[in-house]
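**Q** Just add 32 to wherever you are in the sequence shown, counting from 1, and you've got my numbering. Glycine residues also receive a C-beta, built at the ideal position from the N, C-alpha and C atoms. Just so it is clear, the structure is predicted and the values come from calculations on it, not from any experiment. For reference, the structure I am asking about is given below.
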Amino acid sequence: MKITILGNNSALPAYDRYPTCQIVQIDGMLIMVDCGEAAQILLKKHGISWNKIRYIFISHLHGDHYFGLPGLLNSMSLLGRTEPLYLFAPEPLQAMLQQIFDVADTRLSYTLHFKALPEEASILVNQTHFSLKCFTVEHRIFCHGLKVTEKSKGRKLLPERCRYYEIPSAYYKQLKSGADYQRKDGFFVKNEWVTEEAQKDKTYAYCADTLFTKSFLSHIANVDILYHESTYLEIDKERAQNRFHSTTHQAALIAKMANASTLVLGHYSSKYKSIEEFETEARTIFSNSYASKEGDIFEI
Ligand SMILES: [Zn+2]
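This is the structure we're talking about:
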């Protein structure tokens, strides 16, 4: 799994930083996480194929998280997209988009499947190799986080050993799920002789815009990478609280409490020219913290 940071700023574009937009890649399939105003430009700039985007997740309806969406959907149509696109977003967005398309007499070249985000934590997609799950965070308006899981592909087969023990390939699927094998001559082949330990699930949690709260900790426990907003430095803690946002220390505390492996910060206020201090401050509490920059790629 690969996470590319495109927009990393909060409401206003400033100092070459743009509103929130990220791309999560699993096996060549892309999931867009929020679609700030510069999304199309940033996709082009970083050579990311629009056609490979299958899912778009919009956390909430503050403009810095979706003002890029009508343009992107329109451009995909102009480019002749035929693959269906799945959009998960707060319910009012559906009518808003429809009105934009209606007044322009736009007919999309592809099917746009809209799914309104439910109020409770829910599985949005559950495929063989990955799943998407939403959960609520605490912001000034209804807002969701997203957990992306790339599922373990099972135990790793050792083909030479399988051939050595004369195991038919039709049985390989069972071997991957941990089964032993008994040959017709009665010889018993233990699973660990012909496979290696399974890779663990890979997990990424995106906590959108939120104030400091433990309310969603259960949904982000033990993730490999945790994205938690830190709109403000610690000195502006009161402002963060008033605006339903978080600080560096608060993001780091959540990462620590969730037992995450890596913390990625973002959604910086445009009042800060440099973002270096975000990393320094977060690392005093959670050492594996990174202040995300445009174009950064985090791999699991
Ligand atoms: Zn925001």
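Per DSSP, what kind of secondary structure is S107 in: helix, strand or coil?
**A** helix
**Q** Residues in its own chain within less than 6 Å of C194 by CB, not counting five upstream and five downstream?
**A** Only V226 meet the Cβ criterion.
**Q** Does the stretch 280–290 come close enough to the stretch 255–270 to have 3 or more Cβ pairs within less than 8 Å?
**A** Touching, yes.
**Q** Could I get the ranges of all uninterrupted alpha helix (DSSP H) runs contained in the stretch 256–323, with 4 residues as the minimum, in chain order?
**A** 269–274, 280–290 and 308–315
**Q** From the DSSP output, which residues share a beta bridge with V65?
**A** Q54 and F89
**Q** Would you mind giving the Cβ-Cβ distance between F167 and G177, rounded to the nearest angstrom? I have them listed as a contact below 8 Å.
**A** That pair is a contact at about 5 Å.
**Q** Contact check, D241 vs E182 under 8 Å by CB: the rounded distance?
**A** Incorrect: roughly 25 Å between the Cβ atoms, too far for contact.
**Q** Is H97 close to ligand 1? I mean its beta-carbon at under 8 Å from any heavy atom of the ligand.
**A** True, at least one ligand heavy atom lies under 8 Å from that Cβ.
**Q** Name the DSSP beta bridge partners of K34, please?
**A** Q57 and E331
**Q** Can we count P122 as close to ligand 1, meaning its CB is less than 8 Å from some heavy atom?
**A** no
**Q** Answer yes if the stretch 268–276 comes into contact with the stretch 311–318, meaning at least three C-beta pairs across the two stretches below 8 Å, and no otherwise.
**A** The stretch 311–318, when compared against the stretch 268–276, does not touch it at the 8 Å Cβ threshold.
**Q** May I ask you to check if the CB of D59 is nearer than 8 Å to at least one heavy atom of ligand 1?
**A** Judged by the Cβ position, D59 fails to qualify as a neighbour of ligand 1 at the 8 Å threshold, every heavy atom of the ligand being at least this far.
**Q** Would you give the residue range spanned by the alpha helix (DSSP H) that S250 belongs to?
**A** L249 to I252
**Q** Can you confirm whether the stretch 114–133 touches the stretch 79–93 when touching is taken to mean that 3 or more C-beta pairs between the two stretches lie within less than 8 Å?
**A** yes
**Q** In terms of alpha-carbon separation, which member of F310, D328, I286 and C175 lies closest to I267?
**A** F310
**Q** Could you tell me whether the Cβ atoms of V85 and L111 are closer together than 9 Å?
**A** Correcting the residue type first, residue 85 is Ile in the shown sequence and not Val. Taking 9 Å as the Cβ cut-off, I85 and L111 do not qualify as a contacting pair.
**Q** In terms of alpha-carbon separation, which member of F248, E331 and K325 lies closest to A287?
**A** F248
**Q** Just confirm the distance between the C-beta atoms of V180 and Y236, as a whole number of angstroms; I'd bet it's less than 8 Å.
**A** 5 Å
**Q** Identify every run of the alpha helix (DSSP H) within the stretch 115–176, keeping only runs that are complete inside it and at least 4 residues long; order them along the chain.
**A** 124–135
**Q** Below 6 Å CB to CB, which residues in the same chain sit around N254 once its five sequence neighbours on both sides are set aside?
**A** N291
**Q** Alpha carbon to alpha carbon, what distance is there between M64 and I88?
**A** If you take the alpha carbons of I88 and M64, they lie about 5 Å apart.
**Q** So what does DSSP say about G39, is it helix, strand or coil?
**A** strand
**Q** Going by other Cβ atoms of all chains shown within 10 Å of its Cβ, with 16 needed for buried, is H97 buried or exposed?
**A** Classification for H97: buried.
**Q** Could you pull the start and end residues of the alpha helix (DSSP H) that A211 belongs to?
**A** A211 -> no alpha helix (DSSP H), and no H or E assigned at all.
**Q** Is P42 near ligand 1, going by C-beta to nearest heavy atom under 8 Å?
**A** The sequence shown places Ser at residue 42, not Pro. It does: the Cβ of S42 is within 8 Å (strictly closer) of some heavy atom of ligand 1.
**Q** Can you tell me where the alpha helix (DSSP H) holding K77 begins and where it ends?
**A** A71 to K77
**Q** So, using beta-carbon positions, are S324 and N40 closer together than 9 Å?
**A** yes
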